[in-house]
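Encoded as C-alpha cells, the structure appears first; notes follow it.
In the working numbering, the protein residues as written are 15 to 171.
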C-alpha cells in the first residue's frame, strides 16, 4: 500500500499506553509505595487540580480544532489536512501533552510519585509507537508543508 494512503497507526496505542501507565501508577502505589513528605498542605492538591483542568482544556481545544478542519481525531485514521493553528501552533501533539499533564496532575493530587515515573514512560513509549508513525504519515501526505511545520513547532513543548 502506498505510504500516502496508509493509516498512521493500526491500533490506538496512545490511549492504551496512557491508560496502562495510569493503572500501573495506581498498582505500584498500592504494592510498592514511594514515601512522600506531606509538608505543603493544599499546595500539591491545588497545583494538581490546575494541571488536570489545563490538560482537559488542552485536549478539548485540540479535538475541537481537528473537528473544525474536518480531519481525523483518532490516531488510527488518515489525516485529511495538516492542522497548524489552535494548540497545534505551540506543540505538534497537544492531546498527548494533555494526557501527560493529566498524569502529573493526578500524581500531585494523590501524592503518588509513580504517576511522574509512569508519565515519563508513557511519553517515551508514545513517541516510539505512535508519534514517529504519525509523523511519517503526515510527511508522506503533506511533504514540505509538514517539514516546515516541524521546523517551527516542537514535538512536545
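Here a beta-carbon is modelled for each residue, glycine too, at the ideal position from N, C-alpha and C.
Computed from a prediction, not measured in an experiment: that's the story for all the values here.
Item to complete: Determine the DSSP secondary structure at residue 88, reduced to helix, strand or coil.
Response: The count along the chain shown starts at 1 and reaches residue 88 at position 74. In the structure shown, residue 88 sits in coil (DSSP, three-state: anything other than H, G, I, E or B).
Discussion item. Is the beta carbon of residue 119 closer than 7 Å to that of residue 81?
Written reply: Walking along the chain shown from the start, residue 81 turns up at place 67. Walking along the chain shown from the start, residue 119 turns up at place 105. Result no, Cβ atoms of residue 81 and residue 119 do not sit closer than 7 Å.
Worksheet item: Taking the continuous alpha helix (DSSP H) assigned at residue 27, which residues delimit it?
Response: In the chain shown, residue 27 corresponds to position 13, counting from 1. Here the alpha helix (DSSP H) through residue 27 covers 27-45.
Worksheet item: Touch check for the segment 66-79 and the segment 104-120: three-plus C-beta pairs under 8 Å?
Response: yes
Worksheet item: Where does residue 104 land, buried or exposed, given buried means 16+ other C-beta within 10 angstroms?
Response: The residue labelled residue 104 in the question sits at position 90 within the chain shown. Exposed, since its Cβ has fewer than 16 Cβ neighbours within 10 Å.
Worksheet item: Mapping DSSP to helix, strand and coil, what is residue 101?
Response: Here the question's residue 101 lines up with position 87 in the chain shown. Helix at residue 101.
Worksheet entry | Closest Cα partner of residue 170 within the set 151, 159 and 102 | For the purposes of this step, residue 170 is taken as residue 156 along the chain shown, with counting starting at 1. Considering only alpha carbons, the answer is 102.
Worksheet item: What's the call for residue 146, buried or exposed, on a 16-neighbour Cβ count within 10 Å?
Response: For the purposes of this step, residue 146 is taken as residue 132 along the chain shown, with counting starting at 1. The residue in question, residue 146, is exposed, as its Cβ has fewer than 16 Cβ neighbours within 10 Å.
Discussion item. My output table needs one value for residue 48: the three-state DSSP class, helix, strand or coil.
Written reply: Position 34 of the chain shown holds residue 48. Residue 48: coil per DSSP, three-state reduction.
Worksheet entry | Boundaries of the alpha helix (DSSP H) in which residue 164 is found, first to last residue | Working through the chain shown from its first residue, we reach residue 164 at position 150. Counting along the chain, the alpha helix (DSSP H) containing residue 164 begins and ends at 158-166.
Worksheet entry | Beta-carbon gap between residue 83 and residue 95 smaller than 7 Å | Start at 1 with the first residue of the chain shown, and residue 83 comes out as number 69. Start at 1 with the first residue of the chain shown, and residue 95 comes out as number 81. Their beta carbons are under 7 Å apart, which means residue 83 touches residue 95 by this criterion.
Practice prompt. Thinking residue 159 and residue 89 are a contact (beta carbons under 8 Å), I'd like their distance in whole angstroms, please.
Written response: By 1-based counting over the chain shown, the position of residue 159 is 145. By 1-based counting over the chain shown, the position of residue 89 is 75. Contact flag wrong, Cβ pair sits at about 20 Å.
Worksheet item: Beta-carbon separation of residue 135 and residue 35 under 7 Å?
Response: Indexing the chain shown from 1 puts residue 135 at position 121. Indexing the chain shown from 1 puts residue 35 at position 21. Contact flag set, yes.
Fill in: Endpoints, the alpha helix (DSSP H) within which residue 140 is located
Along the chain shown, one-based indexing puts residue 140 at 126. Segment 128-140, the alpha helix (DSSP H) holding residue 140.
Worksheet entry | residue 55: first and last residue of the uninterrupted alpha helix (DSSP H) it sits in | Numbered from its first residue, the chain shown carries residue 55 at position 41. Unbroken run through residue 55: none, as it is neither H nor E.
Discussion item. As a quick exercise: from 26, 61 and 164, pick the residue whose alpha carbon is nearest that of residue 117.
Written reply: Position 103 of the chain shown, counting from 1, holds the residue named residue 117. Closest option to residue 117, Cα to Cα, is 61.
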